[in-house]
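Heads up: the structure comes next, in structure tokens.
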Amino acid sequence: MKVTDIKTFAVDCFRTNWVFVKIYTDEGITGVGEATLEYKEKALIGAVEHIKEYLVGKNPLTIEKHFHDIYRDAYWRGGAVLMSALSAVEMALWDILGKFLNVPVYQLLGGKIHDKCRIYVNGWFAGAKTPAEFGEKAKIAVQRGVTAMKWDPFGKSYLEISNKDLNTALECIGAVREAVGKDVDLLIEGHGRFNVPTGIEIAKEIACFKPMLFEEPTPPDNLEALKAVRDKSPVPISAGERLYTMKDFKDLFELRAADYIQPDISHAGGIMELKKIAAVADTYYIPFAPHNPSGPVANAATLQLAACCANFSILEIMYSDVEWRKDVTNESLHYENGYITIPDRPGLGIEIDEDACLAHPYQLHTLRHYTGALTDIRPAKTEFYF
Numbered sequence: 011m012k013v014t015d016i017k018t019f020a021v022d023c024f025r026t027n028w029v030f031v032k033i034y035t036d037e038g039i040t041g042v043g044e045a046t047l048e049y050k051e052k053a054l055i056g057a058v059e060h061i062k063e064y065l066v067g068k069n070p071l072t073i074e075k076h077f078h079d080i081y082r083d084a085y086w087r088g089g090a091v092l093m094s095a096l097s098a099v100e101m102a103l104w105d106i107l108g109k110f111l112n113v114p115v116y117q118l119l120g121g122k123i124h125d126k127c128r129i130y131v132n133g134w135f136a137g138a139k140t141p142a143e144f145g146e147k148a149k150i151a152v153q154r155g156v157t158a159m160k161w162d163p164f165g166k167s168y169l170e171i172s173n174k175d176l177n178t179a180l181e182c183i184g185a186v187r188e189a190v191g192k193d194v195d196l197l198i199e200g201h202g203r204f205n206v207p208t209g210i211e212i213a214k215e216i217a218c219f220k221p222m223l224f225e226e227p228t229p230p231d232n233l234e235a236l237k238a239v240r241d242k243s244p245v246p247i248s249a250g251e252r253l254y255t256m257k258d259f260k261d262l263f264e265l266r267a268a269d270y271i272q273p274d275i276s277h278a279g280g281i282m283e284l285k286k287i288a289a290v291a292d293t294y295y296i297p298f299a300p301h302n303p304s305g306p307v308a309n310a311a312t313l314q315l316a317a318c319c320a321n322f323s324i325l326e327i328m329y330s331d332v333e334w335r336k337d338v339t340n341e342s343l344h345y346e347n348g349y350i351t352i353p354d355r356p357g358l359g360i361e362i363d364e365d366a367c368l369a370h371p372y373q374l375h376t377l378r379h380y381t382g383a384l385t386d387i388r389p390a391k392t393e394f395y396f
């Protein structure tokens with residue numbers, strides 16, 4: 011079997027663009043991956059074109075060799091653009107191998123440990139502005155069966171936060187906690203916003219709400235800063251969505267800088283690299299909670315890992331999405347009591363519809379994290395998944 015072509019599909023999804031990668035072979039077996047890289051899609055597509063020059067004509071089944079050679083020959087190594095392109099291609103190669111052998115990818119990685127995976131939802135808060143509105147949105151989510159939810163309540167703040175804005179954030183968390191009761195897990199997102207003293211202050215202030223974790227309190231490019239917050243935080247700290255190689259995670263583990271790790275399958279090397287990262291985390295008894303706010307192909311690939319990683323804890327998923335999500339793939343999820351069932355279809359168990367992807371082409375979207383527009387995450391008409 012030989013690779014004959016690689017194509018990318020950038021699909022508008024309101025807040026960003028999904029980027030799907032499809033690999034074609036001379037035996038008619040195709041594989042899909044996802045490299046969604048918010049706001050840097052054009053650079054990513056160029057990086058995939060470089061990988062195409064290497065991969066066309068080669069056997070798609072020698073995945074580890076291709077990963078090694080592509081990573082080595084990039085020369086600059088690591089980084090969001092190069093690693094996201096490699097991640098999507100690696101995912102698609104596993105999809106081809108699973109289809110070739112007629113087994114789901116998790117079977118190739120040692121088989122199932124988990125038949126289902128617990129999830130927490132992102133995007134449940136769409137349109138909310140005031141603490142009361144967040145509380146109402148949270149109540150609706152719980153009525154739909156949600157048992158864990160994440161959001162960023164910190165508005166426009168960056169590095170420091172005023173007393174007024176901190177009080178508003180605390181009121182928001184309090185309103186959500188009151189709305190959902192004591193049994194629902196709350197995950198507080200920092201988006202790498204704060205300096206060390208501010209991160210420590212916030213961690214102490216939110217402790218009374220008993221959050222499951224405080225995610226990425228400090229910018230991602232200094233793990234010692236993250237450790238400084240974690241050392242004084244009364245709540246668990248999570249991080250890792252903006253670490254791109256196993257070597258980056260090695261530093262995080264050795265520093266004991268986080269209580270949960272959150273590598274993203276679309277950015278940190280794909281399926282096998284995340285499997286290795288999770289395995290090393292397991293030696294430190296650190297739970298594996300993958301970052302997964304992207305599209306349906308990344309979700310399908312991450313579910314394969316959730317099935318076969320012993321230290322898997324919880325998976326992020328979007329609560330709702332653009333209405334055409336159901337058109338661009340054949341995604342089919344079974345959700346019940348806070349869990350998604352692991353699919354058993356060959357490969358990643360998902361296909362893209364190329365025509366539907368082309369019907370929703372790339373649109374320019376810009377970063378919303380420090381503008382106060384974070385809750386503008388969905389259009390007026392959305393699609394729910396459970």
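In this text, residue positions in the sequence shown follow the working numbering: the first is 11, and each later residue adds one. Backbone N, C-alpha and C fix where the C-beta goes; we use that ideal spot for every residue, glycine too.
Whole runs of the alpha helix (DSSP H) within the segment 91-145, excluding any shorter than 4 residues: Assignment of alpha helix (DSSP H) within the segment 91-145, counting only whole runs of 4 or more residues, yields 115-118 in chain order.
Going by C-alpha distance, which of G43, E51 and K62 is nearest K12? On the sequence shown, position 2 is the one that residue 12 refers to. Considering only alpha carbons, the answer is K62.
Quick one: give me the first and last residue of the beta strand (DSSP E) that V29 is part of. Against the sequence shown, residue 29 aligns to sequence position 19. N27 to T35 is the span of the beta strand (DSSP E), which, as asked, contains V29.
Based on DSSP bridge pairs, tell me the residues matched to S330. Here residue 330 refers to the residue found at position 320 of the sequence shown. Answer is F394, bridged to S330.
Examine the Cβ distances between the segment 179-188 and the segment 139-149 and report whether three or more of them are shorter than 8 Å. yes
Excluding sequence positions up to five away, which residues of its chain have a Cβ less than 6 Å from the Cβ of A267? The count along the sequence shown starts at 1 and reaches residue 267 at position 257. Only L233, L236, K237 and R240 meet the Cβ criterion.
Drop a sphere of 10 angstroms on the beta-carbon of F394, count the other beta-carbons inside from all chains shown, and report buried for 16 or more, exposed for fewer. To locate residue 394, count along the sequence shown from 1; it is residue 384. Exposed, since its Cβ has fewer than 16 Cβ neighbours within 10 Å.
Helix, strand or coil for T376, going by three-state DSSP, please let me know. Translated into the one-based positions of the sequence shown, residue 376 becomes position 366. Coil, per DSSP.
How is T255 classed by DSSP in three states: helix, strand or coil? Counting from 1 along the sequence shown, the entry for residue 255 is found at position 245. In this structure, T255 counts as coil in the three-state DSSP scheme.
Terminal residues of the continuous alpha helix (DSSP H) containing D83? If you number the sequence shown from 1, residue 83 lands on position 73. Start and end: I73 to D83.
For K139, tell me which candidate among N173, C182 and K109 has the shortest Cα-Cα distance. Translated into positions along the sequence shown, residue 139 becomes position 129. It is C182 whose Cα lies nearest to the Cα of K139.
Please classify K32: is it buried, with 16 or more other beta-carbons within 10 angstroms of its beta-carbon, or exposed? Taking the sequence shown and counting its residues from 1, the one referred to as residue 32 is at position 22. By the neighbour-count rule (16 or more Cβ atoms within 10 Å), K32 is buried.
Between the C-alpha atoms of E225 and Y372, what's the straight-line distance to the nearest angstrom? Translated into the one-based positions of the sequence shown, residue 225 becomes position 215. Translated into the one-based positions of the sequence shown, residue 372 becomes position 362. If you draw a straight line from the Cα of E225 to the Cα of Y372, it is about 29 Å long.
Closest by CA to I360, which one among N309, H78, V58 and L368? By one-based count along the sequence shown, residue 360 stands at place 350. Of N309, H78, V58 and L368, the residue nearest in Cα terms is N309.
Short of 6 Å in beta carbon distance, which residues of its chain neighbour A57, apart from the five on each side in sequence? Order them along the chain. Your numbering for residue 57 matches position 47 in the sequence shown. Once the five neighbours on either side are set aside, the close Cβ partners of A57 are V91, L92 and A95.
The beta strand (DSSP E) enclosing E44, as first and last residue numbers: Here residue 44 is taken as the residue at index 34 of the sequence shown, counted from 1. Note, E44: beta strand (DSSP E), G41 to E44.
Does D195 come out as helix, strand or coil in the three-state DSSP assignment? To locate residue 195, count along the sequence shown from 1; it is residue 185. Here D195 sits in strand by DSSP.
Backbone CA spacing between N27 and L169 [nearest angstrom]: For the purposes of this step, residue 27 is taken as the residue at position 17 of the sequence shown. For the purposes of this step, residue 169 is taken as the residue at position 159 of the sequence shown. Here the alpha carbons of L169 and N27 stand approximately 28 Å from one another.
With three or more beta-carbon pairs closer than 8 Å as the criterion, would you say the segment 115-131 touches the segment 362-382? no
Between the Cα of P356 and the Cα atoms of T376, R25, A20 and V42, which residue gives the shortest distance? What you label residue 356 is simply residue 346 of the sequence shown in a count that begins at 1. Closest by alpha carbon: V42.
Does the separation of the CB atoms of V194 and A217 fall below 8 Å? Start at 1 with the first residue of the sequence shown, and residue 194 comes out as number 184. Start at 1 with the first residue of the sequence shown, and residue 217 comes out as number 207. For V194 and A217, no; Cβs fall outside 8 Å.
Report the three-state DSSP secondary structure of G89 (helix, strand or coil). As a working note, residue 89 is residue 79 in the sequence shown. If DSSP states are grouped into helix, strand and coil, G89 belongs with coil.
Between E51 and V29, is the Cβ-Cβ spacing less than 8 Å? Along the sequence shown, one-based indexing puts residue 51 at 41. Along the sequence shown, one-based indexing puts residue 29 at 19. In this structure, V29 lies closer than 8 Å to E51 by Cβ.
Which residue's Cα is closest to the Cα of T228: F219, S248, P303 and F204? The sequence position of residue 228 within the sequence shown is 218, counting from 1. T228 has its Cα closest to that of F204, out of F219, S248, P303 and F204.
Leaving aside the five residues before and after I275 along the sequence, list all residues of the same chain whose C-beta is less than 6 Å from its C-beta, in chain order. Along the sequence shown, one-based indexing puts residue 275 at 265. Answer for I275: L284, A308, A311 and T312, listed in chain order.
Here's the rule I'm using: 16 or more other beta-carbon atoms within 10 Å means buried, otherwise exposed. How should W134 be labelled? In the sequence shown, residue 134 corresponds to position 124, counting from 1. Residue burial annotation: W134 is buried, with at least 16 other C-beta atoms found within 10 angstroms of its C-beta.
Helix, strand or coil at I210 [DSSP, three-state]: Counting from one through the sequence shown, the residue named residue 210 turns up at place 200. Looking at I210 - three-state DSSP - the assignment turns out to be helix.
Considering only residues of the segment 236-323, which uninterrupted beta strand (DSSP E) runs meet the minimum length of 3 residues and lie entirely inside it, listed in chain order? Taking only runs of at least 3 residues, the beta strand (DSSP E) segments lying wholly in the segment 236-323 are 247-249.
For A102, which residues from the same chain have a beta carbon less than 7 Å from its beta carbon, with the 5 sequence-adjacent residues on both sides left out? For the purposes of this step, residue 102 is identified with residue 92 of the sequence shown, where counting begins at 1. If we look at A102 and ignore the five residues flanking it on each side, its Cβ neighbours are V31, K32, I33, G41, V42 and G43.
Just how far apart, CA to CA, sit A249 and L374? Counted from its first residue, the sequence shown places residue 249 at position 239. Counted from its first residue, the sequence shown places residue 374 at position 364. Rounded to whole angstroms, A249 to L374 spans 28 Å at the Cα level.
If contacts are defined as beta-carbon pairs under 8 Å, then I278 and N321 qualify, I think. What distance do you get, rounded to the angstrom? On the sequence shown, position 268 is the one that residue 278 refers to. On the sequence shown, position 311 is the one that residue 321 refers to. It is Ala, not Ile, that sits at residue 278 in the sequence shown. A278 to N321, Cβ: 16 Å. No contact.
From the DSSP output, in three-state form, read off F24 for me. In the sequence shown, counting from the first residue as 1, residue 24 sits at position 14. F24 falls in the coil class under three-state DSSP.
Quick check on T339: buried or exposed, where buried means 16 or more other Cβ atoms within 10 Å of its Cβ? Looking up residue 339 in the sequence shown gives position 329. Answer is buried; the Cβ neighbour count reaches 16.
For V332, which of V21, E346 and E251 has the nearest alpha-carbon? Position 322 of the sequence shown, counted from the first residue, corresponds to residue 332. Comparing Cα-Cα distances from V332 to each of V21, E346 and E251, the minimum goes to V21.
Rounded separation between P303 and D36 - CA only: Within the sequence shown, the letter at position 293 stands for residue 303. Within the sequence shown, the letter at position 26 stands for residue 36. Going by the C-alpha atoms only, they are around 33 Å apart.
Hey, would you say I247 sits closer than 8 Å to I271, going by beta carbons? The residue given as residue 247 occupies position 237 in the sequence shown. The residue given as residue 271 occupies position 261 in the sequence shown. I271 sits away from I247, with the two beta carbons spaced by 8 Å or more.
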